[in-house]
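Trainee: So the protein lines, in turn, are chains A and B. Per the working numbering, the first sequence starts with residue 106, numbered consecutively. Per the working numbering, the second sequence starts with residue 91, numbered consecutively.
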Amino acid sequence: MRFGFAAFVLALWYFIALTLGGLFLAPPHVIVSRLGQSIASGEFMQYLGPTAFILAVGAGLGVAVGVPFGLLIGRIRPLYWVTEAPINIFYTTPLVALIPFLLVIVGFNYQSKIVIVFLFTVLPVVINTASGVRTVDHDLVELSRSFCAKEWTVWRDVIVPGSLPAIMTGLRIGLIHALVGAVLADFYAGASGFGYLIILYSNRFDITGALGPVFVLAAAGAAVAALLKTAQRRLSPWQGEQ
Amino acid sequence: MANVDIKDLSKHFGSLGVFDDINLHVDDNEFVSILGPSGCGKTTLLRIVAGIEDTTAGSVIVAGEESRKPRPDTALVFQNFRLLPWRTVEDNVAYGLRLRGRSKAEARSLAQPYVMMVGLAGREKKYPYQLSGGMQQRVGLARALAVQPDILLMDEPFGALDAQTRELMQDELLRIWSADRKTVMFVTHSIDEAIVLSDRVVVMQSDPGRIVEHIPVPFDRPRDAAAMRADPRFTTLRAEMWALLRQEPLSSDMTHRATGE
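1) The beta strand (DSSP E) that contains Arg261/A, what's its start and end?
2) Tell me which same chain residues have a C-beta within less than 7 angstroms of the C-beta of Val183/B, skipping the five on either side of it?
3) With a threshold of 6 angstroms on Cβ separation, who are the neighbours of Ala284/B within its own chain once the five nearest residues in sequence on each side are excluded?
4) Express the C-alpha separation of Asp297/B and Gln337/A in angstroms, rounding to a whole number.
5) Does any CB atom of chain A fall closer than 8 angstroms to the CB of Pro312/B?
6) Starting from the beta carbon of Ile142/B, find every residue of chain A whose beta carbon is closer than 7 angstroms, and list them in chain order.
7) For Asp393/A, decide whether its Cβ has a neighbour in chain B, counting only Cβ atoms nearer than 8 angstroms.
8) Thinking C-beta only, is Val265/A closer than 8 angstroms to Gly171/A?
9) Report buried or exposed for Tyr196/A, applying the criterion of at least 16 other Cβ atoms within 10 angstroms of its Cβ.
10) Name the chain A residues that come within less than 8 angstroms of Tyr355/B, Cβ to Cβ?
11) Pair every Cβ in the stretch 253-273 of chain A with every Cβ in the stretch 217-227 of chain A, then say whether three or more of these pairs are closer than 8 angstroms.
12) Return the chain-ordered ranges of every beta strand (DSSP E) run that is complete within the stretch 277-319 of chain B and spans a minimum of 3 residues.
13) Taking Arg228/B as the query, report the chain A residues whose CB atoms sit under 8 angstroms from its CB, ordered along the chain.
14) Using 8 angstroms as the cut-off, can you tell me whether the stretch 243-250 of chain B makes contact with the stretch 157-167 of chain B, which would need three or more C-beta pairs spanning the two stretches below that distance?
15) Would you mind working out which of Arg309/A, Gly298/A, Gln344/A and Ala331/A sits nearest Glu148/A, comparing C-alpha positions?
16) Residues in the same chain with beta-carbon distance under 8 angstroms from Leu184/A, minus the five sequence neighbours each way, listed in chain order, please.
17) Could you check whether the Cβ of Phe276/B sits closer than 8 angstroms to any Cβ belonging to chain A?
18) Tell me which same chain residues have a C-beta within less than 8 angstroms of the C-beta of Ile281/A, skipping the five on either side of it?
19) Using only alpha-carbon positions, find the residue among Leu99/B, Gln254/B and Phe324/B that is nearest to Arg158/B.
20) I'd like to check one pair, Glu180/B with Glu155/B: are the Cβ atoms closer than 8 angstroms?
21) Which residues in chain B have a C-beta closer than 8 angstroms to the C-beta of Ser341/A? List them in chain order.
22) If contact is defined by three or more beta carbon pairs under 8 angstroms, each pair taking one atom from either stretch, is the stretch 315-325 of chain A in contact with the stretch 113-123 of chain B?
23) Round the Cβ separation of Asp244/A and Gly267/A to the nearest angstrom and send it over; I've been treating them as touching at under 8 angstroms.
24) Reducing DSSP to helix, strand and coil, say where Ala197/B ends up.
25) By Cβ distance below 6 angstroms, which residues in the same chain neighbour Gly129/B in space, the five residues on each side in sequence not counted?
26) Taking Cβ positions, are Gly295/A and Val168/A nearer each other than 8 angstroms?
27) Within the 8 angstroms Cβ cut-off, does Glu256/A reach chain B?
28) Counting only runs of 3+ residues fully inside the stretch 212-247 of chain B, write out the beta strand (DSSP E) ranges in chain order.
29) Could you say if the stretch 189-207 of chain A and the stretch 284-295 of chain A meet the contact criterion of at least three C-beta pairs nearer than 8 angstroms?
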């Protein structure tokens, strides 16, 4: 089914590309060969490097802050009560709209890009982790207590493993948002990065050239999702085959 | 001395009173069942003894000490098993030992005889979702026994099992308890189960929750559940308890009639 659908999309793509002509949509093999040229000339890596860097730092910080923060607000009720509304408001605000302000405040530099990627990552991680903690089976917490468990042991044995599936979902969404955030940061803060490469090509109406990096981004997103799904299955064998 | 002394115990949830002034003494190595309809507070009573529920008034004295928190000399078996889904059978059985400070290897080796005792040898590496309900509760029972408690607290442990598995588990418990006697408080709403297992059955009624009768079960040990059920004394005990439990819906029926419904 999946392969059938992929083949159908590809066929449709070729049909449109061949009937409308290369200005609107280039056939996939042309895009791929242009991408190959771009990589061979070193242009691709030159633009990928900075984006990979802000992505690694921003998303890394987002996860490193988001998971512990989510665990805390999920477990400590007054903290959840205080932070719930601000987090939801922040999450529903289109972060894109905040990018210009961030650039003015932090400056047109890579630090502001890191902040943007961080913000895109951290919110879904926090929200999913906290909701995972809150849905941990309270009966199991009580079971641990009945055997005289201390609070930190309850965390280690029940709360963290119990919220692991939700944490992994948070990471999956967070990292995909991070990819989007990194490219958007390049769009706005300009002059370097993968997103800027897309803009460069687009401004020259070179759709074939612009679609190459877009392909790579889509593939990276799919890879992240698949990788985390596998990790989730490895880390939680108790859920059985799903 | 592993006895339990419950003195003038009251429990209210907000304005809702569960029971008032309950008094109950359970002797060292005595097997006592608490039998009653749902809502009489029998589970709440047990949870208070286990230290996982607060009291409103009165006290629980376990082994001579006033007790309000979970204690290392008691262990609780739950109706809904409560196994950690992310741990294997052996690690679930070893879990109580782990919480009481044993290392992983030590806890596993101490748990092994209890895995055998409940008949789960060969299933050590399975996860709970791979077990039937009866097997899951064997794990729950082994987990409680593994910490070698002086007092075993059991909250309708076989209530979620089908009838046949239930009787099998009763036989198992009889066998295990005969080999290693300890004080047991066993909450149930099954008359048969209470008679088969206990030295004494404490019958409760609801609205308000209270103890109405203590009925000794005069069968010798070791017991054979099947032979017991065929004994005329069993039938008499059963009828006696049934009459006590039945008073309740009847009397509330009569109040309805008296008020003209």
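Every residue, glycine too, gets a C-beta built ideally from N, C-alpha and C. It should be emphasised that the depicted structure is a prediction, and the values quoted were computed from it without experimental measurement.
Mentor: With the given structure in hand:
1) Neither: Arg261/A is in no beta strand (DSSP E) and is coded neither H nor E.
2) Ala201, Tyr204, Val205, Val229, Ala232, Arg233 and Ala236
3) Ser123, Leu125, Thr278 and Val291
4) 49 angstroms
5) no
6) Glu247, Arg250 and Ser251
7) Residue 393/A falls outside the range modelled here, since chain A spans only 106 to 347, and no answer is possible.
8) no
9) exposed
10) The first residue shown for chain B is 91 and the last is 351, placing residue 355/B beyond what the model contains.
11) no
12) 290-295 and 300-306
13) Those within 8 angstroms of Arg228/B in chain A number zero; the least Cβ separation is about 16 angstroms.
14) yes
15) Gly298/A
16) Leu177 and Ile178
17) no
18) Gly326, Val329 and Ala330
19) Leu99/B
20) no
21) Trp176
22) no
23) In fact, because the Cβ distance is near 11 angstroms, the residues do not count as touching under 8 angstroms.
24) helix
25) Ser296
26) no
27) no
28) 241-245
29) yes
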